Amino acid sequence: MAPLIYSALIISLGLGTTMTFASTHWYLAWMGIEINTLAIIPLMAQNHIPRAIEATTKYFFVQATASATLLFAGISNAFLTGQWDITYTPYTLTSTLITLALAMKIGLAPLHSWMPEVMQGLNLLTGLILSTWQKLAPLYLIYQIQPNNPNIFIALGLMSIIVGGWGGFNQVQLRKILAYSSIAHLGWMILILSFSPPLALLTIIIYILMTFSLFSSFMLTRTTHINSLSTTWAKIPILTISTPLILLSLGGLPPLTGFMPKWMILQELTKQSLCPLATMAALSSLFSLYFYLRLSYAMTLTMPPNNPAGTLPWRLNPRHNTLPLALTTTSTICLLPMTPAIMSLMPF
């Protein structure tokens, strides 16, 4: 892809999300999401292979369906209330439709089935954009509407945590595993959104940090299959140490950064007298922890395969800038001691 076209598409991605962030009108917010969708489709299809074209087509149809539902719900809300304000959705029917349309856009269960298949057809950089940046505009709108009945958020969040963990059990393709990881982490964020929006914001920030670190590690080693993890030591040995720590942080193990949002979410659910819900969420996260441990085991505790001579890659200097990876990896591993300072800065 020509650098000028690529730059225009990246700028359009930023413009679409910024337009949604700055909107108080449903039509402008919908327009920003559409600019986002139309900008990422050429990035998905830039590799002219059948798998990428199939993933792009699936993504387009799912996003078109969600966008049509969102526009219909916004028009219905304007018809019933007489105004286009995003924060004013007093009717249960329209707020539910809007929530389900946005849940389909970001891939929350039970509207998640497109996400792993689309991720499998993309390269790692486009998959990173889909897992992080493309989630921000819909999550902002979900953050704004806040329906009076939190049960829909609780149901979507709990189902996403369970499906995100269960779906990754038998996967060997890293991109599918990362897709299910994304579903599970968004489930934690949606689960707590009704009770503590600042905590939901903290969860999504930490999720983006951890996901960026993991995608960057895999891009550096050009790894897309679980069997390829055992040869990481031959490419960049230091990643054999740092990547398992990132995976365990995604699983939420102390004393790593990923433990912080889960610990605070379970604490908040307990304060809200929702101990059974907190217990179910904690037990369901063990499913996700299993495949993170599986990836860590494949990377560190297995012997390298007996490949024919000359197939292992040379240790060449990486072409990518590794400073962002170093910074995000440090944040992914070492931020848990900062929890009291973060709690004092955010209005929990």
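Heads up, our numbering is the position in the sequence shown plus 574, with the first residue counted as 1.
Backbone N, C-alpha and C define an ideal beta-carbon position, used for all residues, glycine too.
Since the model is a prediction, treat every value here as computed from it, not as a measurement.
- Assigned with DSSP and collapsed to three states, His894 falls in coil, not helix or strand.
- Distances from the alpha-carbon of Thr668 to those of Phe653, Gly681, Lys632 and Leu682 put Phe653 closest.
- The alpha-carbon of Trp658 is positioned some 39 Å away from that of Pro577.
- Put simply, of Leu767, Leu698 and His686 the residue whose alpha carbon is nearest the alpha carbon of Asn723 is Leu767.
- Collapsing the DSSP output to three states places His759 in a helix.
- Contact between Thr806 and Thr817 holds, with the beta-carbon distance rounding to 7 Å and staying under 8 Å.
- If you draw a straight line from the Cα of Leu589 to the Cα of Leu827, it comes to about 36 Å.
- Under the three-state reduction of DSSP output, Gln747 falls in the strand class.
- The alpha-carbon of Asn725 is positioned some 43 Å away from that of Thr896.
- Here Ser862 is actually not in contact with Ala753; their C-beta atoms are around 12 Å apart, not less than 8 Å.
- For Met920, the number of other beta carbons within 10 angstroms of its own is below 16, and it is reported as exposed.
- In this structure Thr795 is in contact with Lys809, their Cβ atoms being roughly 5 Å apart against a cut-off of 8 Å.
- In the DSSP assignment, Arg796 falls outside any alpha helix (DSSP H) and carries neither an H nor an E.
- Per DSSP, Thr706 lies in no alpha helix (DSSP H) and is assigned neither H nor E.
- Between the alpha carbons of Leu819 and Gly761 lies a gap of roughly 22 Å.
- For the 8 Å CB-CB criterion, Phe743 and Phe865 form a contact.
- Note on geometry: alpha-carbon atoms of Thr598 and Pro690 lie some 32 Å from one another.
- In this model, Thr844 and Ser687 are separated by some 31 Å (Cα to Cα).
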